[in-house]
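**Q** Next up is a structure, given as structure tokens.
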Amino acid sequence: MADVAYYTKDGLDKLKEEVQYLKTTGRANIAKAIAEARDKGDLSENAEYDAAKEAQGHHESKIAKLEEVLSNARLLDESKLDTSKVLALSVVKIKNIKNGATMSYQLVSETEADLKAGKISVSSPIAKGLLGKKVGDKTEISVPAGKIEFEILEISR
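The opening position of the sequence shown corresponds to residue 1 in the working numbering, with each subsequent residue numbered one higher.
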């Protein structure tokens, strides 16, 4: 059984859109490529046909994987979440104790993670170290560069 993943409404909508695109436009494009390759003659020595069929297999595999993710996806109602401690979908403002730098991250599912947008996966080392903590708590988190001590300044949704 696959792991349950929690999503924001936007993240779940994007996942559904991607599956729909792959099933419609993506499949049509691959069918067109296979038809074009088939029209070029002998299939036993047609590298284009083999490549198109292989691409079709990868495409169908991707659809199956995303459908499995979608079947295990759960939408979180942000209005009912406790803001006194760090949970999935929390926006957390933290301060690096050593250098005083402050950062703000939203803890999201792995597929929604986007560091440039300030969204980190709940399974990342930093997020794991923050989960369950409250404002004012200090936590030491092991990251690839070593151990870093953070203080939680603010938690919001």
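We put the beta carbon where it would ideally sit given N, CA and C, even for glycine. Here the structure is a predicted model, which is why all the values come from computation and not from measurement.
Roughly how many whole angstroms lie between the Cα atoms of A64 and K98?
**A** C-alpha separation (whole angstroms): 46 angstroms.
**Q** Any idea what DSSP makes of N99, helix, strand or coil?
**A** N99 falls in the coil class under three-state DSSP.
**Q** Counting along the chain, where does the alpha helix (DSSP H) carrying G57 start and finish?
**A** From DSSP, the alpha helix (DSSP H) with G57 extends over 47-71.
**Q** State the CB to CB distance for the pair L75 and L12, rounded to an integer number of angstroms; the pair is presumed to be in contact (CB under 8 angstroms).
**A** Between L12 and L75 the Cβ distance is about 6 angstroms, and since that is below 8 angstroms, they are a contact.
**Q** Would T102 pass as a contact of L153 if the rule is Cβ separation under 8 angstroms?
**A** Against a cut-off of 8 angstroms, the Cβ pair of L153 and T102 comes out as a contact.
**Q** A28 to V19, Cα distance in whole Å?
**A** So the alpha carbons of these two residues sit roughly 14 angstroms apart.
**Q** Report the option in K134, G41, A37, G100 whose CA atom is closest to the CA atom of E54.
**A** Closest by alpha carbon: A37.
**Q** Might you give, ordered along the chain, the residues of its own chain that have their beta carbon closer than 7 angstroms to the beta carbon of G57, omitting 5 neighbours on each side?
**A** Cβ neighbours of G57 beyond the five flanking positions: none.
**Q** Do S121 and V108 have their C-beta atoms closer together than 8 angstroms?
**A** Yes, they are a contact pair.
**Q** Quick one: which unbroken alpha helix (DSSP H) runs of 4-plus residues sit fully inside the segment 76-151? Chain order, please.
**A** Within the segment 76-151, the complete alpha helix (DSSP H) runs of at least 4 residues are 125-130.
**Q** Span of the alpha helix (DSSP H) holding L15?
**A** That run of the alpha helix (DSSP H) goes 9-21.
**Q** Determine, using beta carbons only, whether K138 and F150 come nearer to each other than 8 angstroms.
**A** The answer is yes: Cβ separation under 8 angstroms.
**Q** Using a Cβ-Cβ cut-off of 7 angstroms (strictly less than) and excluding sequence neighbours within five positions of N96, which residues of its own chain qualify?
**A** I148, F150, listed in sequence order.
**Q** In three-state terms, what does DSSP make of R157?
**A** Three-state DSSP puts R157 in coil, outside helix and strand.
**Q** When burial is assigned at 16 or more other CB atoms within 10 Å of the CB, is S90 buried or exposed?
**A** Buried is the call here.
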